[in-house]
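The structure appears below as structure tokens.
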Amino acid sequence: MSGTFVGMPAFPEAARAAVGDQTLRGNLRHATHTIRAKRAKAVAEVSDWDQLREAGKRIKDHTLRHLDRYLVQLEERVTAAGGTVHWAADAEEANRIVAALVAETGESEVVKVKSMATQEIGLNEALEAEGVHAYETDLAELIVQLGKDRPSHILVPAIHRNRGEIRDIFRREMSEWGRPAPEGLTDTPAELAEAARVHLREKFLRAKVGVSGANFMIAETGTLVVVESEGNGRMCLTLPETLISVVGIEKILPTWRDLEVFLQTLPRSSTAERMNPYTSMWTGTTDEDGPRAFHLVLLDNGRTDTLADEVGRQALRCIRCSACLNVCPVYERAGGHAYGSVYPGPIGAILSPQLRGTASEIDASLPYASSLCGACYEVCPVAIDIPEVLVRLRERVVEGGPVVRDGNRVVLRPAKGHAAERAAMRAARWAFARPGALRAGQRLASRTRGLHPRTLPGPGRAWSATRDLPAVPAEPFRDWWQRTHGGEEAK
Amino acid sequence: MRVALFLTCVNDTLYPDTGRAVVKLLTRLGVEVDFPMAQTCCGQAHYNTGYRHEAEPLARHFSDVFGEYEAIVTPSGSCGAMVRELYPRMGERARAEGRGDTLAATLAPVVPKTYELTEFLVDVLGVTDVGAYYPRKVTYHPTCHGLRSLGLGDRPRRLLDAVKGLELVELPGADECCGFGGTFALKNPDVSAAMGADKVRNAESTGADVLCAADNSCLMHIGGTMARLETELRPVHIAEILASTEEEPAV
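Quick note, the sequences are listed as chains A and B, same order.
For the first sequence, position 334 matches number 334 in UniProt numbering, and the numbering has no gaps at all.
For the second sequence, position 53 matches number 53 in UniProt numbering, and the numbering has no gaps at all.
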């Protein structure tokens, strides 16, 4: 499963393999059900959860509406505090900026604290091409990196792996990257954690350059915030001489006060904790302590374009808590890799096709990777109406229409491969607009009901492969009604 | 009170028994039921698959057919949610596209008058004991749109609890989607089937004879899966349970 997400098959094909993999399904089911129950309990403890959710939504919406103003303010404050701000329009530009900054230090390795933005732009691969090794220091990210794998969950990137698999990866791979796994390593959590700790400690003490993401950026002070559970983030943020933070432009909050809301909703929604173990905040540089140089790379990569869509822009409220993944019945069966992106699950299904467009097969299939059950919306701490955005994106796939791409307004043509469906939808609409036509169809179906096959042709075959079709009744309701109640037949 | 029965195209064509049960139940409760023959489809399948512009004429047609009635009752959580939740949204989207308020104004009258069946019984008629008799062990699956879009809450359970002879058993993982999702079942058949199989296994674990829900679309998917998995369980629409009496028991 190594490599990039480019050229992924459409979601249904990718999901088929996952559904058939019993180990994977067992791992996912166990993990999502456990965290689902814990989250529900942690949220139920808070009496004003609904108000917190509404406040989070409003703060984010306000910020997005005035994003230009707050970003300029942030740049001023970061600069005043001794940092340097870089603007990156897309992945390529961001990677180029970071690679150049690392090259200036003369170093050939960096330590990283989990950053979805750098995963999104493929920074590790870009640095590797320049001869720089990037070491992931989050435990789950480490497992993924050592296993030459891809993350499959926002918060628990190695959710698809069980303890036995992790032990095997550590034994096999750790020596390739640095300190090897201890002799006779077992799959007990304490031993696995200790092996990772010792392996990582060597990296932390050696590295001169750290790369981070951020959960929040505070415009009024130029402060960045990382929320984490393991302490690896604090190591990456304080030990290196140079710190480079790559952050999506939507992660901004206007004031310190605003943090109050999210430091309550994020831990409860993600890890089901009342408060996360490590909250690190840093503002520029100081002479005596921490990195001597601080660079902030502000990443757009499709975010401004997403902001242009009045329905879809709510996806930018996301605080990456992953509550929607843990509650999603589709994610639970399909796993994270099927979504073909660093953002899996329901939020990925609306974020990826907006950030990347719907031109590729995988991106065009993502809006359909949902039964629209609404569980994701119910748990979202910033009230993103994911089903609403999914339907909006389906519309974009089948009907086309105006979108903003790279800042320009363009009109999308409907995606290929929907011609038969579109024809069927039009035919159905035509018939449904004429009650007489519907009735004629019903009568025909009733009269021929002895001839109906148990399996369907074409796209219906998938349905009848695992489910029996209902038998067509001898008399549709409207005929019965007319016979017994004498209703007027409508034309 | 006189109400219009919005049966939905799926029930009309495939599940006429549900329609007959609603008529029997409401008539027994003293409600005068009309079935406007010009009704067809609310447009949900079109809308949710991304064909919003194909759904619009169907929504207009719905308003033409039902606009004059005092109340519109439907035995389908998802079609009820289409009218109540998504018709206003269609109006907003038309406005956002610079097409003015015409669509919103056309659809507005039917929105607040449309009730899902159990909601109509509990909220409008104010009854929970509808005088039904159904001597079976029943487990209840709250369908997603009924649960989350319409917020039916415990109304269906309260109605079932009051049914004479009925033993209601809790369904594990009740709030989880059965995997139907309209065209989702066709577009993602493997995931959909896995979800359906889990739902059926959960229902089986309760030892119930009947899995009951307030939406035949979900029951079609669950029932089709039950038939394939050769379980003894049967899918039954809640209207048929509530319509059943000692004099005329449901089969």
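Beta carbons: idealized from backbone N, C-alpha and C, even for Gly.
To which residues of the same chain is residue i closer than 8 Å at the C-beta, ignoring the five residues directly before and after it?
| i | result |
| --- | --- |
| residue 496 of chain A | Since the first residue of chain A shown is 1 and the last is 491, residue 496 of chain A is not available in this structure. |
| M275 of chain A | L263, P267 |
| S108 of chain A | G131, V132, H133 |
| E3 of chain B | The residue asked about is misnamed: residue 3 of chain B is Val in this sequence, not Glu. Taken in chain order, the residues that qualify are L26, V31, E32, V33, D34, Y69, E70, A71, I72, V73, F120. |
| A55 of chain A | V261 |
| E76 of chain A | G222 |
Under 8 Å, do residue i and residue j count as touching if we go by C-beta distance?
| i | j | result |
| --- | --- | --- |
| G210 of chain A | L237 of chain A | yes |
| T242 of chain A | A293 of chain A | yes |
| V169 of chain B | A132 of chain B | no |
| G312 of chain A | T306 of chain A | yes |
| H145 of chain B | L211 of chain B | no |
| I362 of chain A | M116 of chain A | no |
| S192 of chain B | T143 of chain B | no |
| M174 of chain A | L139 of chain A | no |
| P182 of chain A | A193 of chain A | no |
| L224 of chain A | W282 of chain A | yes |
| A129 of chain A | D300 of chain A | no |
| S152 of chain A | G348 of chain A | no |
| L7 of chain B | L125 of chain B | no |
| G50 of chain B | V397 of chain A | yes |
| residue 520 of chain A | V297 of chain A | No answer is possible for residue 520 of chain A: it lies beyond the span of chain A, which begins at 1 and ends at 491. |
| I319 of chain A | L71 of chain A | no |
List the residues of chain B whose Cβ lies closer than 8 Å to the Cβ of residue i, in chain order.
| i | result |
| --- | --- |
| A433 of chain A | T40, P57, L58, H61 |
| G486 of chain A | What G486 of chain A touches in chain B: nothing, since even the nearest Cβ is about 10 Å away. |
| residue 493 of chain A | The structure shown does not extend to residue 493 of chain A, since chain A spans only 1 to 491, so no value can be given for it. |
Using only CA atoms, which one of the options lies nearest to residue i?
| i | options | result |
| --- | --- | --- |
| E93 of chain A | A:T358, A:A126, A:D363, A:G290 | A:A126 |
| V330 of chain A | A:R426, A:E176, A:P367 | A:P367 |
| K24 of chain B | B:D198, B:A239, B:V251 | B:A239 |
| R53 of chain A | A:W481, A:L393, A:L390, A:A383 | A:A383 |
| E54 of chain B | A:V102, A:R426, A:P414 | A:R426 |
| P235 of chain B | B:G181, B:D154, B:R136, B:R155 | B:R136 |
| K60 of chain A | A:W430, A:I249, A:A445 | A:I249 |
| T279 of chain A | A:T466, A:A323, A:Q314, A:R234 | A:R234 |
| M220 of chain B | B:F180, B:N48, B:D190 | B:F180 |
| residue 492 of chain A | A:P277, A:T466, A:V342 | Residue 492 of chain A lies beyond the range of chain A shown here (1 to 491); nothing can be said about it. |
| T265 of chain A | A:H30, A:L239, A:N215 | A:N215 |
Which same chain residues end up closer than 7 Å to residue i when comparing Cβ atoms and leaving out the 5 residues on each side of it in sequence?
| i | result |
| --- | --- |
| D101 of chain B | R95 |
| T106 of chain B | R60, S63 |
| R16 of chain A | none |
| C41 of chain B | C9, L58 |
| L103 of chain B | E56, M90, G91, A94 |
| I143 of chain A | A158, R161, I166, I169 |
| M1 of chain A | Annotation note: pLDDT 35 at M1 of chain A (below 50); position unreliable, coordinate value reported separately. Excluding residues within five positions, the ones whose Cβ falls inside 7 Å are D149, R150, H337. |
At a CB-CB cut-off below 9 Å, which residues of chain B make contact with residue i?
| i | result |
| --- | --- |
| P473 of chain A | T13, L14, Y15, P16, D17 |
| P12 of chain A | K187, N188, P189, D190, V191 |
| Y368 of chain A | T49, G50, T183, F184, K187, N188 |
| W49 of chain A | Simply none; closest approach about 17 Å. |
Closer than 6 Å by C-beta to residue i: which residues in its own chain qualify, once you throw out the five before and the five after it? Chain order, please.
| i | result |
| --- | --- |
| L355 of chain A | G302 |
| Y87 of chain B | A59, L107, V111 |
| M1 of chain B | V31 |
| G3 of chain A | In this predicted model, G3 of chain A has a pLDDT of only 40, less than 50, meaning its place in the structure is not dependable enough to derive any value. |
| M229 of chain B | Checking the sequence shown, residue 229 of chain B turns out to be Leu, not Met. For L229 of chain B, where only same-chain residues beyond five positions count, the Cβ hits under 6 Å are V200. |
| P473 of chain A | none |
| C218 of chain B | T143, C178, F180 |
Under 7 Å Cβ-Cβ, which residues of chain B neighbour residue i?
| i | result |
| --- | --- |
| E395 of chain A | G50, R52 |
| P277 of chain A | Going along chain B, no residue has its Cβ under 7 Å from P277 of chain A, so there is no contact; the nearest lies around 31 Å. |
| W463 of chain A | A185, L186, P189 |
Whose Cβ in chain A lies nearer than 9 Å to the Cβ of residue i?
| i | result |
| --- | --- |
| F180 of chain B | S371 |
| T231 of chain B | Within chain A, no residue comes near T231 of chain B; the closest Cβ sits about 12 Å away, beyond 9 Å. |
Which chain A residues are close to residue i, counting only those with a beta carbon under 7 Å from its beta carbon?
| i | result |
| --- | --- |
| A194 of chain B | V19, R333 |
| H221 of chain B | R467 |
| L7 of chain B | F477 |
| G146 of chain B | Correct list: empty, because the minimum Cβ distance to chain A is about 11 Å. |
So residue i contacts chain A; which residues on that side make the cut at Cβ distance below 8 Å?
| i | result |
| --- | --- |
| H46 of chain B | M425, A428, R429 |
| F120 of chain B | Residues of chain A passing the Cβ test: none, with the nearest at roughly 18 Å. |
| S149 of chain B | G374 |
| R20 of chain B | F477, W480 |
Item to complete: Run through the region 324-367 of chain A for me and flag every whole alpha helix (DSSP H) of 4 or more residues, listed as ranges in chain order.
Response: 329-334, 345-356, 361-365
Discussion item. Just to confirm the assignment: which complete beta strand (DSSP E) runs, minimum length 3, are found wholly within the region 41-81 of chain B?
Written reply: Qualifying beta strand (DSSP E) stretches, in chain order: 72-74.
Item to complete: Return the chain-ordered ranges of every beta strand (DSSP E) run that is complete within the region 86-139 of chain B and spans a minimum of 3 residues.
Response: 114-116
Worksheet item: Quick one: complete beta strand (DSSP E) runs, 3+ long, within the region 210-258 of chain A?
Response: 216-218, 223-228, 242-248
Practice prompt. Just list the alpha helix (DSSP H) runs in the region 460-490 of chain A, keeping only unbroken ones of 4 residues or longer that don't cross its boundaries, in chain order.
Written response: 461-466, 477-485
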